[in-house]
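Data block below; observations after.
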Amino acid sequence: MRSPKEVKELFLKAEGAIALFEGGSRFSVAAANELRYAGKHLAEYIAADDDASKKKYLQRAAQHCERALRDVAEAIDVQALASPEEERRLDLLEKLKDSAAVMAGITSLVAAMVVLLGGF
């Protein structure tokens, strides 16, 4: 089972990747939906009273974050294949590498939310 910290890091990684491809494409919507489901399970994790429930909800949240990352990877592949120029594919890969700045902003936002919610 993943720790709450690992799930948080996975969530942030997926959210940062999605932010790079926002714009209403069906692929970014699929990935965003997976993070919505992950958030729902994290809320259930926070509210759960027993360890078995906490474990179940945390595992489900991790699975949704992993699916979101796969959805983003698929979106990159589809966009790269749809573009006849090799330069477009390289540009998409470069944007993904440059996600550190996006991740820093998201990390700050999530950290503030964690403080407000009382932590994971």
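Take the sequence shown: its letters are residues 352 to 471, numbered as in this note's numbering. Each residue gets a CB set at the ideal place from its N, CA and C atoms; glycine is no exception.
Measuring alpha carbon to alpha carbon, tell me which residue in the options is nearest residue i.
| i | options | result |
| --- | --- | --- |
| A389 | L409, A398, K356, V380 | L409 |
| E492 | S354, P355, N384 | The question about residue 492 has no answer, for the chain in this structure spans 352 to 471. |
| Y396 | K407, L363, A426 | K407 |
Taking only the alpha-carbon atoms, compute the straight-line gap between residue i and residue j and give it to the nearest angstrom.
| i | j | result |
| --- | --- | --- |
| V429 | A394 | 33 Å |
| H415 | D400 | 22 Å |
| H392 | D402 | 14 Å |
| L386 | A398 | 18 Å |
| V380 | S404 | 28 Å |
| G375 | E417 | Caution applies to G375, whose pLDDT of 49 falls short of 50 and renders its modelled position unreliable; the value that the coordinates give is listed next. Rounded to whole angstroms, G375 to E417 spans 21 Å at the Cα level. |
Cutting at 6 Å between CB atoms, please list the residues of its own chain near residue i, excluding the five before and the five after it.
| i | result |
| --- | --- |
| A382 | I369, A419, D422, V423 |
| R411 | H392 |
Whose C-beta lies closer than 7 Å to the C-beta of residue i among residues of the same chain, with five residues either side of it excluded?
| i | result |
| --- | --- |
| A413 | R353, V358, L361 |
So residue i is in the alpha helix (DSSP H); what residue range does that whole segment cover?
| i | result |
| --- | --- |
| A399 | Counting along the chain, A399 falls outside any alpha helix (DSSP H), and DSSP gives it neither H nor E. |
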